[in-house]
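Visitor:
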Amino acid sequence: MTTSALPKQYDPSEVEPKWLSFWLDNGFFHADDASATVPFSITLPPPNVTGSLHIGHALGSTMQDVLIRWRRMQGFNAMWMPGIDHASIAVHVLVEKDLKRREHKTRFDLGRDEFMRRAWQWKERSGSRISEQEKLMGFSLDWSRERFTMDDQSNRAVREAFVRLYEEGLIFRAKRMINWDPGSATVVSDLEVDTVEENGSLWSIRYPIVGASADGAVADGSGEIIVATTRPETMLGDSGVAVHPDDARYTQLVGKELALPLTGRTIPVVADSFVDPAFGSGAVKVTPAHDPNDYECSQRTGLAILQVIDPKGRIQAPAPAKYIGMTVDEARTAVIADLEAGGFLVETKPYKVPRGRSQRSGVVIEPMLMEQWWVKAAPLAARAAAAVEEGKTRFVPELWTKTYMHWMTNIKDWCISRQLWWGHRIPAWYCDACSQVTVARDTPAACPACQGTLRQDEDILDTWFSSALWPFSTLGWPDKTRALGTFYPNNVLVTGPDIIFFWVARMMMMGLHFTGKVPFRTVYLTSIVTDENGDKMSKTKGNVIDPLDVVHGATLDALLARIDVEKPPDPEAAKKGIKKHFGKGIPAMGVDSLRFALAALNTGSSRIRLSIERVEGYRNFINKLWNASRFALMNLDGYDPERFEAAFSGGYAAGRGHVPLAMPEKWILSRLQAACAAVDTALETFRFSDAANAIYHFVWDELCDWYIELAKPHLHRAEGLQQDAKASARRHVVQGVLATVLETTMRLLHPFAPYVTEEIWQKLPKPPQLPASLMITVFPRADQAWVDAGAEAEMQLVQDVAVATRMLRATYGVPPAQTVAVELRAGDAPRETLEKYKDLIERSARITAAISAGGAAVPGSAKAVVGADVQVLLPLGGLIDAPKEKARIERDLEKSRKEIGGLEKKLANGDFVARAPEEVVAEIRQRLRDEESRTKALIDALETLGVMK
RNA sequence: GGGCGUUUAACUCAGCGGAAGAGUGUCCGCCUCACACGCGGAAUGUCGCAGGUUCAAUCCCUGCAACGCCCACCA
Numbered sequence: 030m031t032t033s034a035l036p037k038q039y040d041p042s043e044v045e046p047k048w049l050s051f052w053l054d055n056g057f058f059h060a061d062d063a064s065a066t067v068p069f070s071i072t073l074p075p076p077n078v079t080g081s082l083h084i085g086h087a088l089g090s091t092m093q094d095v096l097i098r099w100r101r102m103q104g105f106n107a108m109w110m111p112g113i114d115h116a117s118i119a120v121h122v123l124v125e126k127d128l129k130r131r132e133h134k135t136r137f138d139l140g141r142d143e144f145m146r147r148a149w150q151w152k153e154r155s156g157s158r159i160s161e162q163e164k165l166m167g168f169s170l171d172w173s174r175e176r177f178t179m180d181d182q183s184n185r186a187v188r189e190a191f192v193r194l195y196e197e198g199l200i201f202r203a204k205r206m207i208n209w210d211p212g213s214a215t216v217v218s219d220l221e222v223d224t225v226e227e228n229g230s231l232w233s234i235r236y237p238i239v240g241a242s243a244d245g246a247v248a249d250g251s252g253e254i255i256v257a258t259t260r261p262e263t264m265l266g267d268s269g270v271a272v273h274p275d276d277a278r279y280t281q282l283v284g285k286e287l288a289l290p291l292t293g294r295t296i297p298v299v300a301d302s303f304v305d306p307a308f309g310s311g312a313v314k315v316t317p318a319h320d321p322n323d324y325e326c327s328q329r330t331g332l333a334i335l336q337v338i339d340p341k342g343r344i345q346a347p348a349p350a351k352y353i354g355m356t357v358d359e360a361r362t363a364v365i366a367d368l369e370a371g372g373f374l375v376e377t378k379p380y381k382v383p384r385g386r387s388q389r390s391g392v393v394i395e396p397m398l399m400e401q402w403w404v405k406a407a408p409l410a411a412r413a414a415a416a417v418e419e420g421k422t423r424f425v426p427e428l429w430t431k432t433y434m435h436w437m438t439n440i441k442d443w444c445i446s447r448q449l450w451w452g453h454r455i456p457a458w459y460c461d462a463c464s465q466v467t468v469a470r471d472t473p474a475a476c477p478a479c480q481g482t483l484r485q486d487e488d489i490l491d492t493w494f495s496s497a498l499w500p501f502s503t504l505g506w507p508d509k510t511r512a513l514g515t516f517y518p519n520n521v522l523v524t525g526p527d528i529i530f531f532w533v534a535r536m537m538m539m540g541l542h543f544t545g546k547v548p549f550r551t552v553y554l555t556s557i558v559t560d561e562n563g564d565k566m567s568k569t570k571g572n573v574i575d576p577l578d579v580v581h582g583a584t585l586d587a588l589l590a591r592i593d594v595e596k597p598p599d600p601e602a603a604k605k606g607i608k609k610h611f612g613k614g615i616p617a618m619g620v621d622s623l624r625f626a627l628a629a630l631n632t633g634s635s636r637i638r639l640s641i642e643r644v645e646g647y648r649n650f651i652n653k654l655w656n657a658s659r660f661a662l663m664n665l666d667g668y669d670p671e672r673f674e675a676a677f678s679g680g681y682a683a684g685r686g687h688v689p690l691a692m693p694e695k696w697i698l699s700r701l702q703a704a705c706a707a708v709d710t711a712l713e714t715f716r717f718s719d720a721a722n723a724i725y726h727f728v729w730d731e732l733c734d735w736y737i738e739l740a741k742p743h744l745h746r747a748e749g750l751q752q753d754a755k756a757s758a759r760r761h762v763v764q765g766v767l768a769t770v771l772e773t774t775m776r777l778l779h780p781f782a783p784y785v786t787e788e789i790w791q792k793l794p795k796p797p798q799l800p801a802s803l804m805i806t807v808f809p810r811a812d813q814a815w816v817d818a819g820a821e822a823e824m825q826l827v828q829d830v831a832v833a834t835r836m837l838r839a840t841y842g843v844p845p846a847q848t849v850a851v852e853l854r855a856g857d858a859p860r861e862t863l864e865k866y867k868d869l870i871e872r873s874a875r876i877t878a879a880i881s882a883g884g885a886a887v888p889g890s891a892k893a894v895v896g897a898d899v900q901v902l903l904p905l906g907g908l909i910d911a912p913k914e915k916a917r918i919e920r921d922l923e924k925s926r927k928e929i930g931g932l933e934k935k936l937a938n939g940d941f942v943a944r945a946p947e948e949v950v951a952e953i954r955q956r957l958r959d960e961e962s963r964t965k966a967l968i969d970a971l972e973t974l975g976v977m978k
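Using our numbering, read the first sequence as starting at 30 and increasing by one per residue.
(1) Assign Asp244 to one of three DSSP states: helix, strand, or coil.
(2) Can you tell me which of Glu961, Leu53 and Gln103 puts its alpha carbon nearest to the alpha carbon of Gly167?
(3) Whole angstroms is fine: what's the gap from Gly420's alpha carbon to Gly514's?
(4) Quick check: Val425 and Ile71, are their CB atoms within less than 7 Å of each other?
(5) Apart from the five residues just before and just after Ala148, which ones in its own chain have a Cβ nearer than 7 Å to its Cβ?
(6) Enumerate in chain order the residues of its own chain whose CB-to-CB distance from Ala583 is below 7 Å, with the five nearest sequence positions on each side excluded.
(7) Alpha carbon to alpha carbon, how far is Leu665 from Ala885? Give it in angstroms, no decimals.
(8) Tell me whether the beta-carbon of Tyr784 lies closer than 7 Å to the beta-carbon of Trp48.
(9) Less than 7 Å separating the beta-carbons of Ala782 and Ala721?
(10) Count the other CB atoms, across all protein chains shown, that sit within 10 Å of the CB of Glu400; report buried if there are 16 or more and exposed otherwise.
(11) Strictly by DSSP, which residues pair up with Arg447?
(12) Do Glu262 and Pro507 have their C-beta atoms closer together than 7 Å?
(13) Tell me which same chain residues have a C-beta within less than 8 Å of the C-beta of Leu289, skipping the five on either side of it?
(14) Can you tell which of Leu869, Pro306 and Leu732 has the C-alpha that lies nearest to the C-alpha of Ala27?
(15) Thinking C-beta only, is Gly571 closer than 7 Å to Ile607?
(16) In this structure, what does DSSP give as the bridge partners for Trp436?
(17) Under 8 Å by Cβ, that's how I've got Val579 and Met618 pegged, so tell me the actual separation to the nearest angstrom.
(18) From Asp244 to Tyr279, what does the alpha carbon distance come to, in whole angstroms?
(19) Is Glu221 buried or exposed, if buried means 16 or more other CB atoms sit within 10 Å of its CB?
(20) Based on Cα-Cα distance, which residue from Pro347, Thr259 and Ser464 lies nearest to Thr377?
(21) At a threshold of 6 Å, does Glu861 count as lining the ligand NAD (C-beta to nearest heavy atom)?
(22) Do you know offhand how far Leu159's Cα is from Ala370's?
(23) Starting from the C-beta of Leu35, find all residues in its chain whose C-beta is less than 6 Å away, skip the five residues before and the five after it, and write them out in chain order.
(24) Can you check which of these residues, Leu712, Phe373, Arg716 and Phe650, is closest to Asp621 by C-alpha distance?
(25) Which parts of the segment 811-858 are runs of the beta strand (DSSP E), unbroken and 3 residues or longer, counting only runs that do not cross its ends?
(26) Can you say whether Pro211 is buried or exposed, counting buried as having 16 or more other CB atoms within 10 angstroms of its CB?
(27) Less than 7 Å separating the beta-carbons of Thr316 and Asp323?
(28) In terms of DSSP beta bridges, what is Arg454 paired with?
(29) Could you tell me which uninterrupted alpha helix (DSSP H) segments, each at least 4 residues in length, are contained entirely in the segment 543-601, listed from first to last along the chain?
(30) Report yes if the CB atom of Leu903 is closer than 7 Å to the CB atom of Val950, and no otherwise.
(31) In the DSSP assignment, find the unbroken alpha helix (DSSP H) run with Asn656 in it and report its ends.
(32) With a threshold of 6 Å on Cβ separation, who are the neighbours of Asp114 within its own chain once the five nearest residues in sequence on each side are excluded?
(33) Would you call Glu161 buried or exposed, if buried means 16 or more other Cβ atoms sit within 10 Å of its Cβ?
(34) Between Arg176 and Ser169, how many whole angstroms is the CB-CB distance? I'm expecting something under 8 Å.
(35) Classify Phe952 as helix, strand or coil using the three-state DSSP reduction.
(36) Report all residues from its chain with a CB closer than 6 Å to the CB of Ser390; omit the five preceding and five following residues, and keep chain order.
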């Protein structure tokens, strides 16, 4: 068959859409619940509905697709579950921002129903975008199962889980200290608060002792206690001052009253061991309603709880009327002024203040006492920790186990209610008549106790509550579905280490609680993708690599123009960064280049420094593969796959020696087995870069650099000449091996680079009974029967001699096109091999070779020593550059002598000979012999040059 | 304040007890009939520092230093 020439460069845009629709139309991504084969399942971490595919998704999802495609090809019933997360608070931020910009309204102006309508609208508009991008990346997700965290099935699962936990006493409502985010006007969990050190002040304030003169004084004789604070406005809510019980300076004051300045109130001095006597004055003002520590203290000491800051961040009663209505900042200024005026302010000094900020809004968190819904974490966590300890779930890399265990064993109750609208509304109803609380799966019509009117809790659940149920809610839970039986637990979860607490830990807890099983067997934690300098990608830095740009390409102008649309905080900085990072724009490199790059760079270290240049390197690899295939297709005319297969005695896999293979064929087939074995081992252990590199080097260094070159003379038919039968048979064998190796390589590479491999595979001539798509063929396994150590050793010698010869040619500037006569001298064993493969060496090094056992010195020849006893002599006659030659050989000689020195030293050490394993000693001895022989040859070369002293 | 990680060629990283590796970059020569997104060749490392264990250490142990990440309620 004659194949029309392929383009010289692989064009992904021609290839990708074609095969994507082919795969989708044929349902190749679909897994059957009822299949009898062994299941292999992964649930995609559902991306936020607000998002588009970024490089972190591309990394994590590519690894998942590699695993899924690999297992599918191995015959597993591979199922990859797609879905999208409703991302409660993130949606609020975006929709509210939009509302403010367009209509100058807040969500409260709109009302709950209207806001929800808009949020759904928004979801419908942007929700499918990320799924489309996932399809484009070739991710073989089972789209027939696609889910959303707020669809009916998820809603049902959420209610079921909530009600059960409530009934079991694991969900409860309580007034506790929470993190109030004034920016989003909701409570957030501890995990959603980032503590950062900021510049602030530490104020020292005098609290006079009531009746100090009568009762005696503190150690320094003054009638007061000095307290320090970074938040002076909270003094309006102080209900006491705490000192350490063993602090001798204060023991006699415990129980006494202090006059709280500005308020007219008196507060007691209490003893509590949380106070550090060494810090400041050793006395702490206690504001139980607005500081977690102080709240704890009040619980121990019985101090009153006075809430003086309201949820809007304004001062309220029982603070003095003067301050009521002020914001926290205004109150701070006023309080300080008043304290100073009253002579209560001792000093103000600059201070690094640890300040909690909301991850979402960036606003300073206000600790507050509020009634909220909680999940009692300890019992759930105990089981989740035990499961990991027992090895039911393991982390890869293993170091994350500690992070997980530490959190699980120090876990605090999880605040799950949020004062937002977009999300799952809490299924709790309150009766105004009898104050009964009803928690139910189905919306109750009236109060079960008094038939009074019910009012549903206004709050919704933390986004992560539904996420915690995701591995089983997506499979139909709470129903006992077939899908659940087949695909739960999942085999692997692939996600980022940043959400171990948010998500992984909670899935473990909920999974074990509701199904009695861990949700997944292995958790593979991905690396963080940064720019080439290790900096986090950010819009303002202008260093964001958008996977879609890498796939489709983008000019510098297009990247800059995008800034004008997106309007990040600092557009000029962003543009500067873009010019710096993407000065030449981004070439269109296609999906496979990006996927392969991500796999090849994923060595398992904590971050991956990605740059356009790195992707280009792997784009070049894809192109190399393309061209190797192009070469093959141009030379496969007349090839009959069925005939070849028959000669291989019953199929590629089972084939054995009915075909007379020459050494290069045996060699490349043997190396192919090594590549298969390496890929298999690597993938079993999540070593994605090892797998990618094994394929890369097999294809480039072995298949392209050597096998194809050696195959050429057998494939090229002399113009116009009739080939003899032998040459024709030989040609067919070489065609068959080349086609077979390429076909196997496509299967091996397919999980990493699905598009280009499918394209090539479809074009390759192959026996007719193979499946319609590469993605459902069988993944290659190393076959020992094709491993041929002898062929590998022979080939190694051929390569070494060719390389040494090329080196001499390059050193002496022999024109690349010129064929030169070279003398090869060798000991008996290698000489036999050299004679056998003379033609291969001659071709690889563009020489004509005279092979001999040795002989008289040849003056005027450049000489290279290969291994122990092979020498390459390049006759140069008068052209030899003696000093250059001398320098080169002496360098080799020095290396060799140094090596000998080391080896001799080892052997001279009696302990080494006595205690090291026998084979190690024998190996050292052999190396010494070889090296000595090499030295002799080098010295001989110098003597021939006539420069030896 | 705890915990974890990193430190190997100019850059980015593999290797982790028995001869220092890759990719990129650099230098030299090539548009050789698959590929210039290419071909051939070359150069480059006290394997962070100091001790220790071992016949043997880049690899194991201890300490130190620098950098990074995570957790944490010191007012």
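Even glycine gets a Cβ: it sits at the ideal position worked out from N, Cα and C. The structure displayed is predicted, hence computed values, not measured ones.
Guide: The answer reads as follows:
(1) Low confidence applies to Asp244: its pLDDT is 47, below 50, so where it sits in the model is not reliable, and the reading given next is rough at best. Helix at Asp244.
(2) Leu53
(3) Between the alpha carbons of Gly420 and Gly514 lies a distance of about 21 Å.
(4) no
(5) Leaving aside the five residues that flank Ala148 on each side, the residues in its chain whose CB is nearer than 7 Å to its CB run, in chain order, Val120, Val124 and Trp451.
(6) Within the same chain, Ala583 has close Cβ partners Gly614 and Ile615.
(7) 48 Å
(8) yes
(9) No, the Cβ-Cβ distance between Ala782 and Ala721 is not below 7 Å.
(10) Under this definition Glu400 is an exposed residue.
(11) Ile489
(12) For Glu262 and Pro507, no; Cβs fall outside 7 Å.
(13) Result list for Leu289: Tyr236, Met264, Asp267, Thr295 and Ile296, in chain order.
(14) Residue coverage of the chain in this structure runs from 30 to 978, which leaves residue 27 outside it and unanswerable.
(15) yes
(16) Answer is none; Trp436 lacks a bridge partner.
(17) Cβ atoms of Val579 and Met618 come within 8 Å of each other, at about 6 Å.
(18) Low confidence applies here, because Asp244 scores a pLDDT of 47, under 50, leaving its location unreliable and the question unanswered by this model.
(19) buried
(20) Thr259
(21) The ligand NAD is not part of the structure shown, which contains no ligands of any sort.
(22) According to the sequence shown, residue 159 is Ile rather than Leu. Taking the straight line from one Cα to the other gives about 60 Å.
(23) Sequence-distant partners of Leu35 (beyond 5 residues in either direction) whose C-beta falls short of 6 Å from its own C-beta, in its chain, are Arg659.
(24) Nearest C-alpha to Asp621: Phe650.
(25) 849-855
(26) buried
(27) yes
(28) Ile489
(29) 576-581 and 585-595
(30) no
(31) Residues Ile641 to Met663.
(32) Pro75, Asn77 and Thr178
(33) exposed
(34) With a Cβ gap of about 17 Å, Arg176 and Ser169 do not count as contacting.
(35) Position check: residue 952 holds Glu in this sequence, whereas Phe was assumed. Residue state, collapsed to three classes: helix.
(36) Asp210, Gly212 and Ser213
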